[in-house]
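Participant: Numbering (this note's numbering), first residue to last: 231 to 709. We put the CB at the ideal spot given by N, CA and C, even for glycine. Every value quoted in this text rests on a predicted model; they were computed, and no experiment measured them.
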Amino acid sequence: MSQLNHPHGPTTSMFAETTESTPLSARFSKVKGSLIAGKEKQVAASWKRLLVRLKAEVDIVAQSGPDIIPSISFSDLHDVSKAQDFASKLKERGVAAIRGVVAREKAEQWRTATESYLDQDPRARQLPTHDPHLYGVYWSPAQIRARAHENVLWTQCWLMNLWHSSDPSAMVSPNFPVSYADRLRIRSPDDEACSLSVYVDGGSVERWESDGYGAEGPYRSIWDGEWEKYDPWESSARLKVTSDLYNGDGVCATFRMFQGWISLSDIPVGEGTLLLCPMITLSTAYLLMRPFFSPINASPSHPDFLSPENWILEQPPSSIIQGALPSYPQELNDALHPHLQLSRSLVNIPRLEPGDYLVWHCDAVYALDRLRRPDLPETTIMYLPACPLTQTNALYLARQRKAFLLGHPGPDFGGVFGESARTASAGVQEVGEAGGVDALRAMGLLPWDEEEAMDDREQEVLEMANGILFPEKYDSGYY
């Protein structure tokens, strides 16, 4: 993954917001062709099977609405039977809500503290971002304490252990989370403007490029014409992924197993927050295969437009990758991705209370809901992704730690605004007070105890991370 600092913060140009298929440079036709060379018949047959399955699944999602998103209380995660049932549903859907991860009173205190923090520096409310509800603030006391909270770290470990590695030597551990400093989102009752985009994190054209996700990467079974064998929860194939080949705005340079946020407000169903597509396997397979196929009858109004028989494999492949442009996020819409029926497959998140934790798979399709909410109070959420310990993430953490101590935005965000008015020692103290040793380690402020490793491979991971973050004390040879 890219280790370059982003030269500027998010701006209004973050999204291309195109509804037309845009030809890329000619080399992308070769990129596409190389992915399925010799397997064209298998891929064509796989596409037809996918469209049949997708049509049926969209109907199920549309009929179920927000109820299809699994949820569980934090306390029930300690009940083996309930936790296993929830885990099965989460892995099927790729999205979930965990209720009461933080006590309601504590979350409400964080909201009040956040409002006070923003009021102390008016610049924080005027930062240029790609939508007016996203605040480029990273080190407020509430954010620091939320990332460090023991229940948050425990929940992240539990979630990341839903992933697995087919390679027993893979240098990844879900048992030692890495804190990733992300931003705040605040929506006022009169807010209406926001991005039109439906999108997927983790780059755009990089998913098809050999230097990005790679032909032998996580999507190999899809390129082989066997999307049914694709496993969204396999981690080892993602360790060498570069999701930001073009240093684009808003692209995350770390391996996030889950994106997520914790609610600091009461959020009713369908009231202008987030839309999620709960079909992680199908939506991923469709996104990746879509650029290889074109309709025979291209009129969306034709009664057989979506029929599998109306779509054929492009030969030779064009240079078009629908919704993907270098340096821009991956976007989706009805014009370019018609079979997803986004107006039906994107569902409102369930009702949330302060302290609830909403999470979604790093490949999940999602969007901001543009619905205006004139009768509701302001809502505040805090982004809290779940990141495992890997070499890439340890390298990022070393750079993020420096930014934290200087009061600067994290390496993925850049920009000129800093929060350096607060002393580094005060921030470190807040981390320790909120979460103790585990929180300090997650922020790269203390070494991991290698004796806590579950096996030899995990001990190597801890040794590697300590060598990167504390080279004066450890000599691991990984940095």
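Using the Cα positions of Ile526 and Trp541, report the straight-line distance between them to the nearest angstrom.
Facilitator: Along the sequence shown, one-based indexing puts residue 526 at 296. Along the sequence shown, one-based indexing puts residue 541 at 311. Using only the alpha carbons, I get a separation of about 6 Å.
Participant: Per DSSP, which one or two residues make a beta bridge with Ala326?
Facilitator: Within the sequence shown, residue 326 is the residue found at index 96, counting from 1. Val589.
Participant: For Pro358, name the three-state secondary structure that DSSP assigns.
Facilitator: Taking the sequence shown and counting its residues from 1, one reaches residue 358 at position 128. Caution applies to Pro358, whose pLDDT of 45 falls short of 50 and renders its modelled position unreliable; the model cannot decide the point.
Participant: Restricting to runs no shorter than 3 residues, where is the beta strand (DSSP E) found entirely within the segment 553-577?
Facilitator: Entirely contained in the segment 553-577, the beta strand (DSSP E) runs reaching 3 residues are, in chain order, 560-562.
Participant: Check whether the Cβ atoms of Ala695 and Ala624 lie closer than 8 Å to each other.
Facilitator: On the sequence shown, position 465 is the one that residue 695 refers to. On the sequence shown, position 394 is the one that residue 624 refers to. Using a Cβ distance threshold of 8 Å, Ala695 and Ala624 count as a contacting pair.
Participant: Nearest to Asp685 by alpha carbon, out of Val661, Val282 and Pro398?
Facilitator: Stepping through the sequence shown from its first residue, residue 685 is reached at position 455. With distances taken between Cα atoms, Asp685 lies closest to Pro398.
Participant: Apply the 10 Å Cβ neighbour rule to Ser370 and answer buried if 16 or more other Cβ atoms are within range, or exposed otherwise.
Facilitator: Your numbering for residue 370 matches position 140 in the sequence shown. By the 10 Å Cβ count, Ser370 comes out buried.
Participant: Using only the alpha-carbon positions, how far apart do Pro358 and Val481 sit?
Facilitator: For the purposes of this step, residue 358 is identified with residue 128 of the sequence shown, where counting begins at 1. For the purposes of this step, residue 481 is identified with residue 251 of the sequence shown, where counting begins at 1. Because Pro358 sits at a pLDDT of 45, beneath the cut-off of 50, its placement in the model cannot be relied upon, and the following sentence gives the value as read from the coordinates. Straight through space, the alpha carbons of Val481 and Pro358 are spaced by roughly 17 Å.
Participant: Enumerate, from N- to C-terminal direction, the unbroken alpha helix (DSSP H) stretches of 4 or more residues contained entirely within the segment 237-298.
Facilitator: 257-266 and 270-294
Participant: Does Val332 come out as helix, strand or coil in the three-state DSSP assignment?
Facilitator: For this step, residue 332 is matched to residue 102 along the sequence shown. The answer is coil: DSSP assigns Val332 none of H, G, I, E or B.
Participant: Alpha carbon to alpha carbon, how far is Ser255 from Ala317?
Facilitator: Position 25 of the sequence shown, counting from 1, holds the residue named residue 255. Position 87 of the sequence shown, counting from 1, holds the residue named residue 317. Ser255 and Ala317: Cα-Cα distance of roughly 42 Å.
Participant: Any idea if Asp679 is buried or exposed, counting beta-carbon neighbours within 10 angstroms, 16 or more meaning buried?
Facilitator: Here residue 679 is taken as the residue at index 449 of the sequence shown, counted from 1. Exposed, since its Cβ has fewer than 16 Cβ neighbours within 10 Å.
Participant: Kindly indicate which three-state DSSP category Gln386 falls into: helix, strand or coil?
Facilitator: For the purposes of this step, residue 386 is taken as residue 156 along the sequence shown, with counting starting at 1. Reduced to three states, the DSSP call for Gln386 is helix.
Participant: If I follow the unbroken alpha helix (DSSP H) through Pro371, where does it start and stop?
Facilitator: If you number the sequence shown from 1, residue 371 lands on position 141. Residues Pro371 to Ala378.
Participant: Please name the residue, chosen from Leu414, Lys319, Arg323 and Phe304, that lies closest to Arg334 on a Cα-to-Cα basis.
Facilitator: Along the sequence shown, one-based indexing puts residue 334 at 104. The candidate whose alpha carbon is nearest that of Arg334 is Phe304.
Participant: Can you check which of these residues, Gly268, Trp384 and Asp349, is closest to His308 by C-alpha distance?
Facilitator: In the sequence shown, the residue the question calls residue 308 occupies position 78. Selected option, being the one with the closest Cα: Trp384.
Participant: Near Ile299, which residues of its chain fall below 8 Å by C-beta distance, leaving aside the five closest residues on each side in sequence?
Facilitator: Looking up residue 299 in the sequence shown gives position 69. Residues of the same chain with a CB within less than 8 Å of the CB of Ile299, apart from the 5 flanking positions on each side, are Arg323, Val325, Ala326, Ala327, Leu506, Pro508, Val577, Ile579 and Pro580 in chain order.
Participant: Kindly give me the distance between the Cβ atoms of Pro538 and Lys278, rounded to whole angstroms, as I take these residues to be in contact under 8 Å.
Facilitator: As a first step, residue 538 must be located in the sequence shown, where it is residue number 308. As a first step, residue 278 must be located in the sequence shown, where it is residue number 48. That pair is a contact at about 4 Å.
Participant: Reducing DSSP to helix, strand and coil, say where Lys703 ends up.
Facilitator: By 1-based counting over the sequence shown, the position of residue 703 is 473. Three-state DSSP puts Lys703 in coil, outside helix and strand.
Participant: Would a C-beta distance cut-off of 8 Å place Leu570 and Ser513 closer than the cut-off?
Facilitator: Locating residue 570 in the sequence shown gives position 340, where the first residue counts as 1. Locating residue 513 in the sequence shown gives position 283, where the first residue counts as 1. Yes, the pair counts as a contact, with Cβ atoms nearer than the cut-off.
Participant: In chain order, what residues of the same chain lie with their CB nearer than 6 Å to the CB of Leu518, ignoring the 5 residues before and after it?
Facilitator: Within the sequence shown, residue 518 is the residue found at index 288, counting from 1. Excluding residues within five positions, the ones whose Cβ falls inside 6 Å are Tyr449 and Ile452.
Participant: Just curious, the alpha helix (DSSP H) that Arg631 is in, first and last residue?
Facilitator: Taking the first residue of the sequence shown as 1, we reach residue 631 at position 401. Its alpha helix (DSSP H) spans residues Gln621 to Leu636.
Participant: Do Gly585 and Val332 have their C-beta atoms closer together than 8 Å?
Facilitator: Residue mapping note: residue 585 aligns to position 355 of the sequence shown, counting from 1. Residue mapping note: residue 332 aligns to position 102 of the sequence shown, counting from 1. Yes, they are a contact pair.
Participant: Below 8 Å, how does it come out for the segment 252-272 and the segment 457-476: are there three or more Cβ pairs, yes or no?
Facilitator: no
Participant: Skipping 5 residues on each side, what residues in its chain have a beta carbon closer than 8 Å to that of Pro498?
Facilitator: Walking along the sequence shown from the start, residue 498 turns up at place 268. Correct list, in chain order: Arg581 and Leu606.
Participant: Considering only residues of the same chain and omitting the five flanking positions on each side of Lys285, which have a CB-CB separation below 8 Å?
Facilitator: Residue mapping note: residue 285 aligns to position 55 of the sequence shown, counting from 1. Only Leu536 and His569 meet the Cβ criterion.
Participant: By how many angstroms is the C-alpha of Val402 removed from the C-alpha of Val471?
Facilitator: Counting from one through the sequence shown, the residue named residue 471 turns up at place 241. Counting from one through the sequence shown, the residue named residue 402 turns up at place 172. Between Val471 and Val402, the C-alpha separation is close to 13 Å.
Participant: Report the start-end ranges of each alpha helix (DSSP H) in the segment 419-468 that is 4 residues or longer and not cut off at the edges.
Facilitator: 450-453
Participant: Let's test the definition: count the other Cβ atoms within 10 Å of the Cβ of Asn667 and tell me whether it reaches 16, buried, or not, exposed.
Facilitator: As a position in the sequence shown, residue 667 is number 437, starting the count at 1. First, the residue type needs correcting, since residue 667 is Val and not Asn in the sequence shown. With fewer than 16 Cβ atoms within 10 Å of its Cβ, Val667 is classed as exposed.
Participant: Taking the alpha-carbon positions, what's the Ser493 to Gln386 distance?
Facilitator: Numbered from its first residue, the sequence shown carries residue 493 at position 263. Numbered from its first residue, the sequence shown carries residue 386 at position 156. So the two alpha carbons sit approximately 16 Å from each other.
Participant: Between the Cα of Ser276 and those of Glu446, Phe258, Lys459 and Ser259, spot the shortest distance and give me the residue it belongs to.
Facilitator: The residue you call residue 276 lines up with position 46 of the sequence shown. Among Glu446, Phe258, Lys459 and Ser259, the Cα nearest to that of Ser276 belongs to Lys459.
Participant: Please say whether Ala672 and Gly662 have beta carbons closer to each other than 8 Å?
Facilitator: For the purposes of this step, residue 662 is identified with residue 432 of the sequence shown, where counting begins at 1. For the purposes of this step, residue 672 is identified with residue 442 of the sequence shown, where counting begins at 1. No, the pair does not count as a contact, with Cβ atoms beyond the cut-off.
Participant: Report the partner residues of Thr609 according to the DSSP bridge assignment.
Facilitator: Position 379 of the sequence shown, counted from the start, is the residue given in the question as residue 609. For Thr609, the pairing in a beta bridge is given by DSSP as Arg417.
Participant: I think Leu562 touches Val658, with their Cβ atoms under 8 Å apart; what is that distance to the nearest whole Å?
Facilitator: For the purposes of this step, residue 562 is taken as the residue at position 332 of the sequence shown. For the purposes of this step, residue 658 is taken as the residue at position 428 of the sequence shown. In fact, because the Cβ distance is near 41 Å, the residues do not count as touching under 8 Å.
Participant: Assess, as a yes-or-no matter, whether the segment 629-642 is touched by the segment 404-420 under the definition of 3 or more beta carbon pairs within less than 8 Å.
Facilitator: Yes, the segment 404-420 is in contact with the segment 629-642.
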